[in-house]
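Residue numbers -15 to 143, in this note's numbering, belong to the letters of the sequence shown in order. C-beta atoms are modelled at their ideal positions from N, C-alpha and C, and glycine is treated no differently.
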Amino acid sequence: MPGGDEVTDQERRQAAERLALVLTEGGLQRMSARVLAFFLFTDAETVTMGDIADRLGASAGSVSGAVKALLATGLIERLPAPGSRREHYRLRDNAWPTLFSTQNTMVDVMLQAAETGIATTVSGDPAHTRLARMRDFYRFLLSELPGLLHRWEQSHTLR
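Listed below in structure tokens is the structure:
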């Protein structure tokens, strides 16, 4: 790499695929991971599902499913594209805090599951103890998330 600053398109694609593999190992569906990596590495302001499918060599159906999943988590957003009949998407400016804050729903679901389990066990039962610890953890997490997100916003301004 001359000057150390030039990165080839092939190197960017390989880095995106490595990131997708890490995301998959972290629990994301394979195509969702590849599409998310595409959004992170693209130079385009917005992209269409066709752009993604072409770049990844994937079927329109698999890209559509991945885009729907990423929309549902709040990582990407659909944008109006005047003059275009195709829908355009981009990574949200605040994707990561949005993702983390939408996890409150999952945390609440886990908390409710623990509460339900506690109601079906008796004090002193090992299951009751484990479920109470689970409940206590998720209560703590829910109480800490707003402050954590607020500190993030204060320390990091969107560019």
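Close beta carbons around residue i, own chain, < 8 angstroms, minus the five adjacent residues each side
i    : result
SER1 : Correcting the residue identity first, residue 1 is Glu in this sequence and not Ser. Around GLU1: ARG18 and ALA21.
Beta-carbon contacts of residue i that lie in its chain and below 6 angstroms, excluding the five residues immediately before and after
i      : result
ALA37  : ALA44 and VAL47
MET118 : ALA98
C-alpha distance - residue i paired with residue j, whole-angstrom precision
i      : j      : result
TRP136 : THR82  : 12 angstroms
VAL169 : SER68  : Residue coverage of the chain in this structure runs from -15 to 143, which leaves residue 169 outside it and unanswerable.
GLN96  : LEU125 : 13 angstroms
GLU9   : GLU61  : 24 angstroms
GLU11  : LEU5   : In the sequence on display, residue 11 carries Gly and not Glu. One C-alpha to the other measures close to 10 angstroms.
N-terminal and C-terminal residue of the alpha helix (DSSP H) that residue i is part of
i      : result
HIS140 : It is not in any alpha helix (DSSP H) - HIS140 carries neither H nor E in the DSSP assignment.
GLU9   : -7 to 9
Neighbourhood of residue i by C-beta distance below 7 angstroms, restricted to the same chain and skipping five residues each side
i      : result
GLN138 : none
TYR122 : VAL91, MET94, LEU95 and ALA98
Where the beta strand (DSSP E) containing residue i begins and where it ends
i     : result
ARG39 : Where ARG39 is concerned, there is no enclosing beta strand (DSSP E), although the alpha helix (DSSP H) it sits in stretches over 33 to 40.
LEU75 : 72 to 75
LEU63 : 60 to 63
Buried versus exposed, by CB contacts within 10 Å (16 or more), residue i
i       : result
SER107  : exposed
HIS140  : exposed
VAL(-9) : exposed
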